[in-house]
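Colleague: Residues 894 to 1034 in this note's numbering are what the sequence shown spells out, letter by letter. To start, I am sharing the structure in question, which I have written as structure tokens.
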Amino acid sequence: ALSDDLMQAYLELSCYPEVPSVLNGLKDRGFRCVVLSNGSPEMLGAAVKNSGLQDVFDAVISIDSIGIYKPDPRVYQMAVDQLGVSSSEISFQSSNAWDAAGAGAFGFKVAWINRFGQQPERLGVVADAELKDLAALPELL
């Protein structure tokens, strides 16, 4: 079935070419790298494994434990609670404008990764930065 094919594709996602070097560089600078996703733990585990970035991420946080989806503020609060920092200390990157807006409204510093030149959504919150990929992220931090 198409839904099975789609779910299988999610399990086999690979990352964009600049991602490993950027994340490893941030890790070397002392940043903690975390995934905060609406995905299931199984999907996220497979995606992280297939990306080859298992050693980069300090945590992979799924909404499964609370059953609420981003952009609900309680999801972003999960990251604050798990990391033990304030919202203003978290730099949040997303390719989804709605997710970037939700994280910004919560108080995270946000970079919207706009790889395909999409028009910004009118959601009342603007990202702190708009990047075409992750390569420029280290300069912002």
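For each residue, glycine too, the CB sits at the ideal point set by N, CA and C. Bear in mind that the values here come from a model prediction, so they are computed numbers and not experimental data.
Could you check if A894 is buried or exposed, using at least 16 other CB atoms within 10 Å of its CB as the buried criterion?
Modeller: By the 10 Å Cβ count, A894 comes out exposed.
Colleague: Which residue wins for smallest C-alpha separation from G918, given the options F950, S980 and S988?
Modeller: If you compare the alpha carbons of F950, S980 and S988 with that of G918, the shortest gap goes to F950.
Colleague: Below 8 angstroms on the Cβ atoms is my guess for N943 versus E905; work out the distance and round it to an integer in Å.
Modeller: 6 angstroms
Colleague: When you compare the stretch 991–1001 with the stretch 958–969, are there three or more beta-carbon pairs, one atom per stretch, that lie closer than 8 angstroms?
Modeller: yes
Colleague: Taking all protein chains shown into account, decide if S955 is buried (16 or more other Cβ within 10 angstroms of its Cβ) or exposed.
Modeller: buried
Colleague: Going by the CB atoms, is the gap between S979 and R1087 shorter than 8 angstroms?
Modeller: As displayed, the chain neither begins before 894 nor continues past 1034, which places residue 1087 out of reach and without an answer.
Colleague: Where does D992 land, buried or exposed, given buried means 16+ other C-beta within 10 angstroms?
Modeller: buried
Colleague: Consult DSSP for L1024 and reduce its assignment to one of helix, strand or coil.
Modeller: strand
Colleague: Relative to the C-alpha of D897, which residue among R922, M936 and G923 is closest?
Modeller: Per the Cα distances, M936.
Colleague: Could you tell me which residues DSSP puts in a beta bridge with I954?
Modeller: L929
Colleague: With DSSP collapsed to three states, give me the class of A972.
Modeller: helix
Colleague: Grouping DSSP H, G and I as helix and E and B as strand, with all else coil, what is V1018?
Modeller: coil
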